[in-house]
Every structure is written in structure tokens, then in C-alpha cells.
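In our numbering, the protein residues as written are 5 to 336.
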């Protein structure tokens, strides 16, 4: 049975979500019979050997390091063996191709998308351009760099996209740093918030639509769709803290609608060159443009209320089988 190194935490705003996701992954892999080593990356970037029995998981413990270019885990001069890495890292410094590049350099197999696909999917502007070039339906959006943001830009954005709009950091997940702008005077503050998380911002038209999600595995194989029903929009609190948010699994769609959105999810997975796993998020304009791709996540949340494991469970793939399958698919 392959020994798995589970990386979690990280230097991003999604640190806590990663810790919770890693607990689900580690518990499932142990139940499947794998030996699991947990390494937490703290907010400063330090790597720590973590006691897997503690809950909630935190990135605290003895310091460890990944030896370059040998690819072994060094714990005070002792080599800790593993066969494959499961990088349960969300957002920058983990889901964006950086850690994947490190693992490529040391030559160890890992779960999930490679360097190029991770980087492309993480950057919402780049992903939008690739999906649009392939003819897949998207909501209208515009990207703004911090260097190009100046007088007149807000007016051009609103003229092109109207109101409301959503202002998003280009390379972040879990709805961190996103602001819904209902009035023009709110836009400058929303842009300032988004620029705190990076040098590029994506401004997207507000869409009056249902929110549909599909989980994907290599193949591509797609789960039954689910629907998010939130009070206003699916922000960070709605995803992880708000009990008023409903997850409808399966989503109330016709067979034809379900087949259509699953096909789009599989096509997006292939167009962005993703491997391993993903969750594809959609807007559904029932009386308008139909399904519009919102974004694709290459390392989706795996908490107890996250759609990725919930959808696969409902499709007939429980957590133990799901994460075991991902580990085995990553091995040569």
C-alpha cells in the first residue's frame, strides 16, 4: 500500500480550509490502509511534522524539510519515507503550480494537476481566455492589473459590464477577497480589497442565475451536479460557516440539463489540461444563456461540507474510495 505524504496549510488566506480538508483526506487514506505522514506548512512557509491524531489539524510540530534534489523528507537527519504526495493546499503557494514545480524538481509523484494546468486554472483571467478561445460559455469579465488601474478605469468597467459586478483577486479561491458591487461608488473600495491579494483583479458581470457545481476525476469522469442555494451569494462565510446555505445534491435539473453541465465540466477539465481532480462551478441562466462556466478549482475543498467529496459520495464514490483512487492514479 503506497505511503502518502499529505501537505496542508500553506501561506495563503485559505490556510484554515486546507487544514480542515487535510483531516478528511488523511482519515480517509488511513481507513483505506495507507500509512500517512502529515506535514503542515505554516503561514511563514515553514514545514512541520504534525501529529495526525490531533484535531483540528494545525501546522505545528518539529521542523522538517524536503531535500532537493534527492526528494526525501528530512526530520532532524532521519529520512521519512513516502511514495506519493497529496498536496491538500488551496490558493497561492500550493494550488497555483508552485509546490507542483518543487515536486517535479525532486522527482516525486503527486496527486492533482501539473504545473501548467495548476497555474492556468488558478489565474481566473488566463483560464477565462483559454475557455473562451475554446468556445465554452462564460460570464462577461475584464481583467485589470495594478499598474493599469487609474482614472477612468472604473467607468470603463461599469460601461462594459453594468451593475452589479463581482470584483475578484485573479489568483485566489474560497471566495476570499471577493466583493459584490451593487452601486458605482462601491467599486474603488472593492478594487482596493482585491488588490491586497495580488497584482491582477478580475471584474465579472453579476449574473442572475442558479449556482451549479460538478466534481471531476481523470477520464474525465463527472459526478452528478449539485446546487448551492445561499441567501445572497456564495462567499467565504456561506461556504464554511453559514448554516443558511443549502447544498442540493443532486441539483434539481432535468436529465438533459444534467448531461449538458456534466459535458461542459469534462470539456473544461480537458481544455485546461487538468489531471487528477477538479471541481467546476457554473452559473445557470434558465431563461437566458444557459450554463456559464464560473471557474475550475484544481484542488477543491475536501471538508465535511465541501461539494467535491459530497458530490462523489452521492455519485456512489465514498471518501475512502475517492482519495485512495486519487493516490493510486498519481503513481507511475
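Every residue, glycine too, gets a C-beta built ideally from N, C-alpha and C.
N-terminal and C-terminal residue of the beta strand (DSSP E) that residue i is part of
i: residue 282; result: 281-289
i: residue 91; result: 88-92
i: residue 1; result: As displayed, the chain neither begins before 5 nor continues past 336, which places residue 1 out of reach and without an answer.
i: residue 62; result: No beta strand (DSSP E) contains residue 62, which DSSP labels as neither H nor E.
i: residue 78; result: 77-79
Residue-level contact to chain D via CB, residue i, 7 Å cutoff
i: residue 261; result: The question asks about chain D, but that chain is absent: this structure has only one protein chain.
Residue i burial status per 10 Å Cβ neighbour count (16 or more: buried)
i: residue 16; result: buried
i: residue 32; result: buried
i: residue 204; result: buried
i: residue 238; result: Residue placement at residue 238 is poorly supported in this model, since its pLDDT is 48, which falls under 50; the coordinates still yield a value, given next. Burial call: buried.
i: residue 290; result: exposed
i: residue 335; result: exposed
i: residue 158; result: buried
i: residue 186; result: exposed
i: residue 340; result: A question about residue 340 goes unanswered here, because the residues of the chain that appear run from 5 up to 336.
Contact set for residue i: own chain, Cβ-Cβ below 7 Å, skip 5 residues either direction
i: residue 107; result: 89, 114
i: residue 129; result: 147, 174, 204, 206
i: residue 261; result: none
i: residue 47; result: 15, 19
Nonlocal neighbours in the same chain, by C-beta distance under 6 Å from residue i, ignoring five residues either side
i: residue 309; result: none
i: residue 201; result: 173, 176, 181
First through last residue of the alpha helix (DSSP H) which encompasses residue i
i: residue 256; result: No alpha helix (DSSP H) holds residue 256; DSSP gives it neither H nor E.
i: residue 183; result: Element bounds for residue 183: not the alpha helix (DSSP H) but the beta strand (DSSP E), 183-185.
i: residue 311; result: 311-319
i: residue 278; result: That residue, residue 278, is in no alpha helix (DSSP H); it is neither H nor E in DSSP.
Rounded Cβ spacing between residue i and residue j (contact assumed at less than 8 Å)
i: residue 92; j: residue 10; result: 6 Å
i: residue 283; j: residue 304; result: 4 Å
i: residue 44; j: residue 61; result: 7 Å
i: residue 141; j: residue 266; result: Residue 141 to residue 266, Cβ: 15 Å. No contact.
i: residue 280; j: residue 124; result: Rounded, the Cβ-Cβ distance is 15 Å, inconsistent with contact.
Neighbourhood of residue i by C-beta, 8 Å cutoff - its chain only, sequence neighbours within 5 removed
i: residue 111; result: 73, 75
i: residue 277; result: 117, 118, 120, 121, 124
On the three-pair Cβ rule with 8 Å, is the region 161-176 touching the region 199-217?
Remark: three or more beta-carbon pairs, one from each stretch, lie closer than 8 Å, so the region 161-176 and the region 199-217 are flagged as touching.
Touch check for the region 11-30 and the region 277-289: three-plus C-beta pairs under 8 Å?
Taking 8 Å as the limit for Cβ pairs, the verdict is that the region 277-289 does not touch the region 11-30.
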